[in-house]
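Residue numbers (this note's numbering): 3 to 127. These notes are about the structure you will find just below.
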């Protein structure tokens, strides 16, 4: 949630956001031209996504869908806006979406792990 007493910030954001989006959103809102490492996006960008890890399962939310991944293979794909109780697994019915989301998640995990292992959480000039 963002508040500025001098700006109405009337924009309502209706997409997935995560805690990692706070810094990029502040930098974007303040129009600061800088480079930095972040595992989130500005909430004012077109697309939103979120990644979390719960009970040894990665959950990747993007464009109204949730992919559950155990680190080796995808377990489930749900259209969360239509199926909030996660009853209808679309993994086999939407192979192209499943593969696209799995590739995005694997890249995210790889980048995060590489930066953590090699202590590269800031940009080198």
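Beta carbons are placed, not taken as given, at the ideal position from N, Cα and C, and that holds for glycine.
query                                                                                                                                  : result
Contact under 9 Å by Cβ, residue 79 with residue 92                                                                                    : yes
Residue 23 to residue 42 span [Cα, whole Å]                                                                                            : 4 Å
Cβ neighbours of residue 26 in the same chain (closer than 7 Å, five flanking residues each side left out)                             : 40, 42, 43, 44
Span separating the alpha-carbon of residue 62 from that of residue 71                                                                 : 8 Å
Contacts around residue 104, its chain only, beta-carbon distance under 7 Å, and the 5 residues preceding and following it disregarded : 69, 71, 76
Counterpart residues of residue 79 in DSSP-defined beta bridges                                                                        : 69
Close Cβ partners of residue 81 (< 7 Å) along its chain, the five nearest in sequence each way excluded                                : 66, 67, 92
Buried versus exposed, by CB contacts within 10 Å (16 or more), residue 83                                                             : exposed
For residue 2, the three-state DSSP class (helix, strand or coil)                                                                      : The chain is shown only over 3 to 127; residue 2 falls outside these bounds and no answer can be derived.
Neighbourhood of residue 46 by C-beta, 6 Å cutoff - its chain only, sequence neighbours within 5 removed                               : 30
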